[in-house]
Structure formats: C-alpha cells, structure tokens
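Engineer: Here our numbering is used: the first residue of the sequence shown is 40, the next is one more, and so on.
Yeah, the Cβ is synthetic: ideal placement off N, Cα and C, and Gly gets one too.
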Amino acid sequence: NESFSVLIPDGDCSLFGSVLNCLSQVKDVGLFVLSEKKDHAFRYSRFIKGFFYFPPASDDLEWLARIDKVVEENQIDVIMPIWETAIKTILENRDFLRSREKLVPLPTLQYFTIAGSKDLLAEHLERHGIPGAKTIPLSSMHWPTGTRLSSNSPYWQNP
Numbered sequence: 040n041e042s043f044s045v046l047i048p049d050g051d052c053s054l055f056g057s058v059l060n061c062l063s064q065v066k067d068v069g070l071f072v073l074s075e076k077k078d079h080a081f082r083y084s085r086f087i088k089g090f091f092y093f094p095p096a097s098d099d100l101e102w103l104a105r106i107d108k109v110v111e112e113n114q115i116d117v118i119m120p121i122w123e124t125a126i127k128t129i130l131e132n133r134d135f136l137r138s139r140e141k142l143v144p145l146p147t148l149q150y151f152t153i154a155g156s157k158d159l160l161a162e163h164l165e166r167h168g169i170p171g172a173k174t175i176p177l178s179s180m181h182w183p184t185g186t187r188l189s190s191n192s193p194y195w196q197n198p
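1) Classify V110 as helix, strand or coil using the three-state DSSP reduction.
2) For L142 and P94, I'd like the C-alpha separation in whole angstroms.
3) To the nearest whole angstrom, what separates the beta carbons of L54 and V109, a pair I think is in contact under 8 angstroms?
4) Going along the chain, which residues of its own chain have a beta-carbon closer than 6 angstroms to the beta-carbon of E75, five neighbours each way excluded?
5) According to the Cβ coordinates, are L73 and I106 closer than 9 angstroms?
6) Near L164, which residues of its chain fall below 6 angstroms by C-beta distance, leaving aside the five closest residues on each side in sequence?
7) If we require 4 or more residues per run, which alpha helix (DSSP H) segments fall completely within the segment 103-171?
8) Spatial neighbours of R202 within its chain, please: C-beta separation below 6 angstroms, excluding the five flanking residues on both sides.
9) Classify S74 as helix, strand or coil using the three-state DSSP reduction.
10) In terms of residue numbering, what span does the beta strand (DSSP E) encompassing G89 cover?
11) Spatial neighbours of T152 within its chain, please: C-beta separation below 8 angstroms, excluding the five flanking residues on both sides.
12) Can you give me the start and stop residues for the alpha helix (DSSP H) that L54 sits inside?
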C-alpha cells in the first residue's frame, strides 16, 4: 500500500511524537521505528507499520548493524535520524553503515559541529558575511573576575 518506507532509528527521543504526528499526515508512508524501550508509548500506534525493540547497544557499531538489519529485512527506502545524538553518531561512523545510501541528506560532521556550537556558528556567520546577532564568546576561564561588560546595546548571556 505505501509508496515508500521510512525508518526512524532513534525513536526514543523526545521529538519522536512530533515527527510521528507530521508523518501521519502523509499518505502512503510506511513508518518503522527502532527503540531501546520495550514499552514505548507509541509502540501500538496505528501510524507505525513496524516497531523494533532492541536492548541498549554496547557501542555505536552494534547500533548501526541493527539499523542495517531492519533496513534489509523490511526493504526500508529512507533512514531518517531525528535527534542530534543519532545524527552525530551516524556522521562519525557513516562508513560502517552498509545502507548509508538510504540516509536522508545530512550535513558533514564539520558543519554539524559548527551548527551545534553558538560560538563556532557566530564565527562561521561572520566569516561568510551572513547577518546574525553580534556574539562575543566568553569563557569563565578567560574572563577576569570582577570585569564588567558595558554596552549601549542589549545583550544575552548564555551559560
């Protein structure tokens, strides 16, 4: 019945409910989910065609092997990690994933790292002439005690 199938390899993340809601609006999609939770709240959802429980993997390569197994046994068309931990793990170990051609487009590990770091992102935006909030990365190790930042503009302090 479905025209293509999607595997969410990180179905335990907090974002999964929102992703499931969105994908349930698309007709002809078979949704498959990998989970380390046996009694996952969405396990019996009518929108999930296949739910696969595995105990926590001993390492990243074991987790990737599980993805490959589910992809092969269920003729999965698309692998779509949705949380940054899974995305980073796949980026770091992409060469060990046999079914990597089925991954949704992902950034390089370098760009993923930049996007996840406020100071690296600010530096990247400035270097490429992309408008963004003026950012001054501060480190408690390099900021002298008692020094005050004065500015005529409002600023955001982020821990």
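Structural biologist: So, to answer that:
1) Working through the sequence shown from its first residue, we reach residue 110 at position 71. Note: V110 maps to helix in three-state DSSP.
2) Reading the sequence shown from its first residue, position 103 is the one you call residue 142. Reading the sequence shown from its first residue, position 55 is the one you call residue 94. The straight-line gap from Cα to Cα measures roughly 23 angstroms.
3) Within the sequence shown, residue 54 is the residue found at index 15, counting from 1. Within the sequence shown, residue 109 is the residue found at index 70, counting from 1. For a cut-off of 8 angstroms, the C-beta gap from L54 to V109 is around 20 angstroms, too long to register as a contact.
4) Counting from one through the sequence shown, the residue named residue 75 turns up at place 36. When the five nearest sequence neighbours on each side are left out, the beta carbons in the same chain lying within less than 6 angstroms of the beta carbon of E75 are those of D51 and P95, in order along the chain.
5) Position 34 of the sequence shown holds residue 73. Position 67 of the sequence shown holds residue 106. Yes. Within cutoff.
6) The sequence position of residue 164 within the sequence shown is 125, counting from 1. Spatial neighbours of L164 in its own chain (CB-CB distance under 6 angstroms, excluding positions within 5 residues in sequence) are listed in chain order as G171.
7) Taking only runs of at least 4 residues, the alpha helix (DSSP H) segments lying wholly in the segment 103-171 are 123-132, 148-154 and 157-166.
8) For the chain, the structure presents residues 40 to 198; residue 202 sits outside this window and is missing.
9) Against the sequence shown, residue 74 aligns to sequence position 35. S74: strand per DSSP, three-state reduction.
10) Looking up residue 89 in the sequence shown gives position 50. Segment I87 to Y92, the beta strand (DSSP E) holding G89.
11) On the sequence shown, position 113 is the one that residue 152 refers to. Counting only Cβ-Cβ distances below 8 angstroms, and skipping sequence neighbours, we find L159.
12) Locating residue 54 in the sequence shown gives position 15, counting from the first residue. For L54, there is no enclosing alpha helix (DSSP H), as DSSP gives it neither H nor E.
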